[in-house]
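These protein sequence lines are chains A and P, in that order.
Numbering-wise (our numbering), the first sequence opens with residue 466 and increments by one.
Numbering-wise (our numbering), the second sequence opens with residue 7 and increments by one.
Even glycine gets a Cβ: it sits at the ideal position worked out from N, Cα and C.
Since the model is a prediction, treat every value here as computed from it, not as a measurement.
What follows is a single structure, written as structure tokens, with notes after it.
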Amino acid sequence: MSKFKKKKSGELPAVSTASLPDIVFMLLFFFMVATVMRDDELQIENKLPQANQVEKLAEKKKVVTIYIGKPNPNFQKTFGITEVVQLGDKIAPVSDVQTFVNTKRNLMDEDDKDAMTVSLKVDQNSQVGILTDVKQELRDAYALKISYTSVEGDPLKNLKN
Amino acid sequence: MARRSAPEVNAGSMADIAFLLLIFFLVTTTIEVDSGIASKLPPPLPEDVKPPLIKEKNIFQVIVNAENRLLVEDADMDIKDLTAAAVKFLDNGGGTEARNACTYCRGAKDPESSDNPKKAIISLVNDRQASYKMYLAVTNELVRAYAILRDREGQRLYNETYGSMTKRLSDWPATEVESPEYEELKGKIDKVRELFPRNLSEAEPQNRE
């Protein structure tokens, strides 16, 4: 009966944690590589819809981003609860879109100016009206290449909720 | 001169430091979305321009109203059926005269529907109150109709779908963009595009605020 029992003092050997730093470092490197620092701090809600006919966007230096959505709760006092446009870091009226796009375009290299794409990041629950206005401004600014930025997925799923 | 061995640095807290960094990056990470439906806006219209005359049968009318309901060619439609309806319209090939007949269409050749894909126009009208997700879903479905037809023609002409050709073009190494193969692929893509040009028109917005 005591044949099996008396082998050791009975305590479990401690698991070696020597490789823990290695594991953590591995994770750390993954996140360091995958991280893209946000250029603009969002002041609006911006949940992108899904679509399946998506194309990859051009290089970052050729892209100008315009955000549309409802203001965040802490900005609702100033900007109301209807959809607004965010250009760069701040919420701006629709009439500023032209100036914004032209300024951005002037900062680009000569070669990239023609290939400039405007990425429209529109919240999935906003109304189309403001987007129509923005597109009209873009036409006047001759920024004709646009992209409706969206997550890859099934577009019909958006409509269910 | 007694040589003393250097004391070893305690590496026990390495894990803590790494954890700290890890948590920082975990919190700050936002995976940026860099894909989207590409589209092209028409240039601004000159003041006194008359709209070109287009036959009623060459227009495929899609309307989205404020309640996100879809009206296609004066009939209520579920969005699930939109792509099939658009494909049917584009691929109809009802033209009978030599100048507007479509040799590669496989549609019903209905004389009441579009003459050929180069003339066929899909017109999208949306209410200002419609939601963006509905608008994008409709656009997506219409773009999908063109993609289906282009894939078919690519398969027929070059034994490769249009989607795979454009993917190959965008993945082309930047150092070899002057090679003849690249030009050839580009030519093929343009050919297929020409067969089914994306004539997706959006109405000029009325009563702007």
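Buried versus exposed, by CB contacts within 10 Å (16 or more), residue i
i, result
"residue 135 (chain P)", "exposed"
"residue 584 (chain A)", "buried"
"residue 566 (chain A)", "buried"
"residue 79 (chain P)", "exposed"
"residue 572 (chain A)", "exposed"
"residue 589 (chain A)", "buried"
"residue 90 (chain P)", "exposed"
Contact with chain P by residue i, beta-carbon distance below 8 Å
i, result
"residue 545 (chain A)", "no"
"residue 486 (chain A)", "yes"
"residue 599 (chain A)", "no"
"residue 508 (chain A)", "no"
"residue 522 (chain A)", "yes"
"residue 592 (chain A)", "yes"
Cα-Cα separation between residue i and residue j, rounded to whole angstroms
i, j, result
"residue 38 (chain P)", "residue 69 (chain P)", "32 Å"
"residue 112 (chain P)", "residue 131 (chain P)", "28 Å"
"residue 44 (chain P)", "residue 622 (chain A)", "20 Å"
"residue 27 (chain P)", "residue 611 (chain A)", "38 Å"
"residue 24 (chain P)", "residue 476 (chain A)", "31 Å"
"residue 594 (chain A)", "residue 209 (chain P)", "13 Å"
"residue 141 (chain P)", "residue 47 (chain P)", "16 Å"
"residue 620 (chain A)", "residue 21 (chain P)", "43 Å"
"residue 163 (chain P)", "residue 74 (chain P)", "39 Å"
"residue 529 (chain A)", "residue 138 (chain P)", "20 Å"
"residue 492 (chain A)", "residue 500 (chain A)", "12 Å"
"residue 522 (chain A)", "residue 482 (chain A)", "44 Å"
"residue 489 (chain A)", "residue 15 (chain P)", "20 Å"
"residue 172 (chain P)", "residue 145 (chain P)", "20 Å"
"residue 119 (chain P)", "residue 207 (chain P)", "18 Å"
"residue 618 (chain A)", "residue 17 (chain P)", "46 Å"
"residue 167 (chain P)", "residue 174 (chain P)", "11 Å"
"residue 190 (chain P)", "residue 159 (chain P)", "17 Å"
Contact set between residue i and chain P, taken where Cβ atoms lie within less than 8 Å
i, result
"residue 499 (chain A)", "35, 37"
"residue 617 (chain A)", "41"
"residue 588 (chain A)", "138"
"residue 611 (chain A)", "44, 45, 46, 47"
Beta-carbon neighbours of residue i, restricted to chain P and to distances below 9 Å
i, result
"residue 565 (chain A)", "In chain order: nothing, as chain P lies at least about 16 Å away."
"residue 527 (chain A)", "Near residue 527 (chain A) there are no residues of chain P at all, since even the closest Cβ is about 12 Å away, more than 9 Å."
"residue 614 (chain A)", "39, 40, 41, 42, 43"
C-beta contact flag for residue i and residue j at 8 Å
i, j, result
"residue 520 (chain A)", "residue 592 (chain A)", "no"
"residue 198 (chain P)", "residue 156 (chain P)", "yes"
"residue 202 (chain P)", "residue 128 (chain P)", "no"
"residue 554 (chain A)", "residue 506 (chain A)", "yes"
"residue 148 (chain P)", "residue 92 (chain P)", "yes"
"residue 95 (chain P)", "residue 496 (chain A)", "no"
Any chain C beta carbon closer than 8 Å to residue i
i, result
"residue 518 (chain A)", "This model lacks chain C altogether, as its protein chains are A and P."
8 Å Cβ cutoff, residue i in contact with chain A
i, result
"residue 98 (chain P)", "no"
"residue 20 (chain P)", "yes"
"residue 66 (chain P)", "no"
"residue 132 (chain P)", "yes"
"residue 31 (chain P)", "yes"
"residue 25 (chain P)", "yes"
"residue 149 (chain P)", "yes"
Closer than 7 Å at the beta carbon, the chain P residues around residue i
i, result
"residue 605 (chain A)", "50"
"residue 541 (chain A)", "In chain order: nothing, as chain P lies at least about 19 Å away."
"residue 489 (chain A)", "21, 24, 25, 28"
Contacts that residue i makes with chain A (C-beta to C-beta distance below 9 Å)
i, result
"residue 86 (chain P)", "621"
"residue 168 (chain P)", "Neighbours of residue 168 (chain P) on chain A: none; closest Cβ ~12 Å, over 9 Å."
Chain A residues whose Cβ lies nearer than 7 Å to that of residue i
i, result
"residue 2 (chain P)", "Coverage of chain P is limited to positions 7 through 215, which leaves residue 2 (chain P) absent and any answer about it impossible."
Neighbour list for residue i in chain A, Cβ cutoff strictly below 8 Å
i, result
"residue 143 (chain P)", "514, 516, 620, 621, 623, 624"
Check: residue i C-beta below 7 Å from any heavy atom of the ligand HEM
i, result
"residue 521 (chain A)", "Only the bare structure without any ligand can be found here, which leaves the ligand HEM out of the picture."
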